[in-house]
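Just below is one structure, and these are the notes that go with it.
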C-alpha cells in the first residue's frame with residue numbers, strides 16, 4: 013500500500029496524464045462526429061504508381077450518404093475495362109458494427125466481407141477496406157488515444173492511437189498511428205501508420221479539402237507505402253451535393269446492376 017506522501021505524488025503525476033487522455037479522446041470523438049452531408053456523388057480518380065515508376069489509372073463513381081446515424085459509401089468502377097463494374101459498398105451504423113459487400117463481375121456474385129478483411133488492400137491501391145469505410149476517421153472502439161494538443165509551429169492538433177488489442181491490430185493491419193489534424197475541418201492533414209510489428213508502414217496526406225453541401229470533404233489525397241514504395245494518388249471530379257439521394261443506389265442488390273446513373 014502506498015504511503016500518504018507517495019500516494020499524493022502518484023495522484024499529482026497521474027492527473028496530467030488523465031487530462032491528456034481526455035483531451036485526445038475528445039478530439040478523436042469530434043473527428044468521428046465530424047459533420048457530413050446527407051448525399052454527395054463524384055468521380056473518384058486513382059493513379060497507382062509502383063516503386064519502379066509504372067503507372068495505372070482507375071476511375072470509379074463514388075456515392076456517399078450520411079443520414080439517420082447511418083453512413084453508406086458505394087464505389088462503382090468505370091475503367092479500365094478489366095475492372096469495370098466491380099463495386100464495393102459499406103454500411104456503417106452509429107454505435108454498432110457495420111457491413112461491407114464486394115461485387116466482382118468475373119464471379120457475378122455479391123460477397124459480404126467479414127470484419128477480418130478490413131485490413132486487406134482495396135483493388136490494388138494502398139488503401140485498405142477499413143480506410144475506405146472510415147473516411148479519415150479513427151474508430152473509438154479500435155484505438156486508445158493520446159495527444160490532443162496543438163503543434164506550436166503549425167497550429168495543427170496532434171493525435172496518436174494504439175490498437176486496443178492484438179486481434180484488432182490484425183484486422184486493421186496497423187498497430188498505431190500518429191496524425192496532424194486541421195482544427196477547422198477536423199480532417200487529418202497527415203497520418204503515419206505502423207504495421208502490426210510496429211514498423212513504419214504508410215503515410216497518408218490530404219492535400220486539398222472543399223466544402224460540399226456545407227460539409228468538408230477530402231478532394232485530393234496521397235497514400236505512400238513506406239515498405240514497398242508503391243503510391244496511390246486520389247482526387248475527385250464532378251463532386252456534387254445531392255440531398256435527396258435515392259436509397260436504392262446504396263443497397264447490396266444494386267452492386268450487380270452496374271454503375272448507376274445519378275442526375
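In the numbering used here, the protein residues as written are 13 to 275.
Ideal placement from N, C-alpha and C gives every residue a C-beta, glycine not left out.
From a predicted model like this one, the values you see are computed outputs, not experimental measurements.
Assigned secondary structure, residue i (DSSP; H/G/I helix, E/B strand, else coil)
i, result
"residue 185", "coil"
"residue 261", "helix"
"residue 153", "coil"
"residue 2", "In the structure as shown, the chain begins at 13 and stops at 275. Residue 2 is therefore absent and cannot be evaluated."
"residue 125", "strand"
"residue 275", "coil"
"residue 162", "strand"
"residue 239", "coil"
Cβ-Cβ separation, residue j to residue i (assumed contact under 8 Å), whole Å
i, j, result
"residue 204", "residue 84", "With a Cβ gap of about 29 Å, residue 204 and residue 84 do not count as contacting."
"residue 184", "residue 212", "Between residue 212 and residue 184 the Cβ distance is about 15 Å, and since that is not below 8 Å, they are no contact."
"residue 123", "residue 111", "That belief does not hold up - the Cβ atoms of residue 123 and residue 111 are roughly 12 Å apart, past 8 Å."
"residue 149", "residue 44", "5 Å"
"residue 224", "residue 52", "5 Å"
"residue 68", "residue 95", "The Cβ separation is near 10 Å, so there is no contact."
"residue 192", "residue 168", "4 Å"
Residue nearest to residue i in terms of C-alpha spacing, selected from the options
i, options, result
"residue 236", "202, 173, 88, 156", "202"
"residue 100", "152, 78, 121, 167", "121"
"residue 180", "68, 256, 127, 41", "127"
"residue 72", "97, 48, 196, 49", "97"
"residue 219", "197, 111, 65, 258", "197"
"residue 48", "39, 167, 38, 82", "82"
"residue 269", "86, 53, 67", "86"
"residue 142", "37, 257, 113", "113"
"residue 247", "259, 241, 222, 257", "222"
"residue 42", "194, 64, 267", "194"
"residue 77", "67, 54, 154", "54"
"residue 289", "102, 152, 165, 164", "In the structure displayed, the chain extends from 13 to 275; residue 289 sits before or after that span and is not available."
"residue 177", "169, 155, 166, 191", "155"
"residue 242", "37, 207, 215", "215"
"residue 231", "92, 66, 74", "74"
"residue 106", "188, 80, 267, 58", "80"
"residue 63", "50, 56, 244, 217", "244"
Identified DSSP bridge partners for residue i
i, result
"residue 133", "140"
"residue 252", "53"
"residue 245", "59, 234"
"residue 227", "224"
Give, in chain order, every unbroken run of the beta strand (DSSP E) that is at least 3 residues long and sits entirely within the segment 27-112. Listed in chain order, the complete beta strand (DSSP E) runs (minimum 3 residues) inside the segment 27-112 are 52-61, 67-79, 82-91, 99-105.
Alpha helix (DSSP H) segments (min. 4 residues) lying fully within the segment 167-225: 178-184
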